[in-house]
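Student: One structure is given below, represented as structure tokens, and several questions about it will come after.
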Amino acid sequence: MIVRNQTRKGRSVGEMISTLCFYGVGIYAILEAMLMRDAGEPLIKCLMVIAAGIVCLMAGARFIIADMVTRYKALRNGGPGNG
């Protein structure tokens with residue numbers, strides 16, 4: 011079994027394209043929800059589209075979130091070089 015000790019720094023072209031798509035769709039969904047609300051759509055419908063947009067933005071930030079979780083776990087376990 012292979013265990014990685016370090017996080018991978020390089021990103022493939024496909025990963026960069028999907029990240030850009032996630033950000034684009036997320037921003038589009040949030041803006042569309044604002045227009046839907048102005049057009050008189052039900053609040054729950056607008057909130058669901060906003061939630062989808064936020065999830066897309068989080069998916070675009072998946073590498074940043076993964077790095078933050080890794081750092082948090084390292085700090086929680088005594089930090090690097092402390093054990």
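The end of the sequence shown is residue 93 by our numbering, with every number in the run present.
Where is the CB? At the ideal position from N, CA and C, for every residue including glycine.
On a predicted model such as this, the values are computed, not experimentally measured, just so you know.
Within the same chain, show all residues whose beta-carbon is closer than 6 angstroms to that of Arg47, passing over the 5 residues directly before and after it, in chain order.
Tutor: These residues qualify, in order along the chain: Cys56.
Student: Counting only the same chain and skipping the five closest in sequence on each side, list residues whose C-beta sits under 8 angstroms from that of Gly124.
Tutor: A query on residue 124 cannot be resolved here, the shown segment of the chain reaching from 11 to 93 and no further.
Student: Compute the distance between the beta-carbons of Ile37 and Leu67, then report whether it is under 9 angstroms.
Tutor: Yes, Cβ-Cβ distance for Ile37 and Leu67 is below 9 angstroms.
Student: With DSSP collapsed to three states, give me the class of Arg86.
Tutor: Helix at Arg86.
Student: Spatial neighbours of Glu42 within its chain, please: C-beta separation below 7 angstroms, excluding the five flanking residues on both sides.
Tutor: Closer than 7 angstroms at Cβ, skipping near neighbours: Val59.
Student: In the DSSP assignment, find the alpha helix (DSSP H) that holds Arg21 and state where it starts and stops.
Tutor: Premise fails: Arg21 is in no alpha helix (DSSP H) and is neither H nor E.
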